[in-house]
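Have a look at the structure below before the remarks.
Protein chains: 2
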Amino acid sequence: MAMGTGQSSRISAGRLEIRPEEHAALVDGRPLSLTVRELQLLVTLAEHPQRIMTREELFAEVWASEPRREDRSVDVYVSRLRAKLGEALPGAQLIHTHNGIGYRFSPDG
Amino acid sequence: MAMGTGQSSRISAGRLEIRPEEHAALVDGRPLSLTVRELQLLVTLAEHPQRIMTREELFAEVWASEPRREDRSVDVYVSRLRAKLGEALPGAQLIHTHNGIGYRFSPDG
DNA sequence: CCCCTGCGTTCACAGGATTTTCACAGCCCT
DNA sequence: AGGGCTGTGAAAATCCTGTGAACGCAGGGG
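As you go down the protein sequences, you meet chains A and B in turn. All the letters of the first sequence, read from the start, carry residue numbers 42 to 150 under the numbering used here. All the letters of the second sequence, read from the start, carry residue numbers 42 to 150 under the numbering used here.
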């Protein structure tokens, strides 16, 4: 995989499909209306399924800089993302919290 | 990869794999949801397979200090760890008690 | 044989730490 | 000016940690 920024062309996770190059995330073929940040965060998480990613890693990928010591941005965007994903996929638990560390994307439960 | 003090990069024990650097312990590739303490304890035990480790040794590694005379923390966390491991690997007996001494991690039975 | 003791295991809980969510002000773009 | 996006602070909710206490088990002594 010789991608510059690490963008896979497509990522599937059950009924969810992500197309980074098209700036789109679809559920059953219907696009979610995610903001740029939300999508970037989802892409970053989904590019590393089952991997626990720290806030620093996520911030580095999505914001392309280092977070302040007490930055809650990642948490806030995870929350917004969950809200929109939960609306389109009720009951699904795609993003898991790992206390004291960060977050993890898991295609299944 | 600048490696820390005594952290092996990966430890395998049958279906269990531990990746200290990623703050993760996996069973069949799926991460267990361990707390920081639980993971530290598991790492410490698993770094010395087949070796009986005293409470003092474990406490020193995980808590980075000395236990009070009647500290039950190690026992409690071993118990919690066993519960979570037993859930993911029913029937497995990874952590053995050595009466009057401490605990031992054994990859096989 | 029964009781007592020592040890390990687990439960319950309070305090602290962390995460989640809400509300809002500034920005950018149209 | 209007509408949505962003990031920040702070309250609310949740989880983690360590502790004391109860419970079970095994061995020794009466």
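By construction, the Cβ of each residue, glycine as well, lies at the ideal position given by its N, Cα and C atoms.
query                                                                                                                         : result
Cutoff 7 Å: V84(B) Cβ touching any chain A Cβ                                                                                 : no
Residues of its chain near R121(B), where Cβ-Cβ distance is below 7 Å and the 5 sequence neighbours each way are ignored      : E79
According to DSSP, residues forming a beta bridge with A66(A)                                                                 : I59(A)
Residues that T95(B) bridges to, as DSSP identifies them                                                                      : G143(B)
Beta carbon proximity, V77(B) to chain A, threshold 7 Å                                                                       : yes
Cutoff 7 Å: I59(A) Cβ touching any chain B Cβ                                                                                 : no
Sequence-distant residues of its chain with Cβ nearer than 6 Å to A87(B) (five each side left out)                            : I52, I59, F146
Any chain A beta carbon closer than 7 Å to A65(B)                                                                             : yes
Sequence-distant residues of its chain with Cβ nearer than 8 Å to S74(B) (five each side left out)                            : K125
Simplified DSSP assignment, three categories, for T85(B)                                                                      : helix
CB contact flag (V115(B), L99(B), <7 Å)                                                                                       : yes
Supposed close pair G143(A), M94(A) - CB separation, criterion 8 Å                                                            : 5 Å
Whole-angstrom distance between Q81(A) and P61(A), CA atom to CA atom                                                         : 8 Å
Residues that G55(A) contacts on chain B, provided the C-beta gap is smaller than 9 Å                                         : Within chain B, no residue comes near G55(A); the closest Cβ sits about 16 Å away, beyond 9 Å.
Chain-order list of residues whose beta-carbon lies under 7 Å from that of P118(A) (same chain, five-residue window excluded) : The sequence shown places Tyr at residue 118(A), not Pro. So the qualifying residues of the chain are R78, E79, L82.
Alpha-carbon to alpha-carbon, P148(A) and H137(A)                                                                             : 11 Å
Spatial distance of A66(A) from L130(A) (CA atoms)                                                                            : 12 Å
For A54(A), three-class secondary structure by DSSP                                                                           : strand
Between the CA atoms of V84(B) and G55(B) - distance to the nearest angstrom                                                  : 15 Å
Status (buried if at least 16 other CB within 10 Å, exposed otherwise) for G141(A)                                            : exposed
Proximal residues of chain A, C-beta to C-beta of S106(B) below 9 Å                                                           : Going along chain A, no residue has its Cβ under 9 Å from S106(B), so there is no contact; the nearest lies around 19 Å.
Simplified DSSP assignment, three categories, for R71(A)                                                                      : strand
The ligand ATP heavy atom lying under 6 Å from the CB of L75(B)                                                               : Of the ligands one can find in the structure shown there are none, so the ligand ATP has no counterpart to examine.
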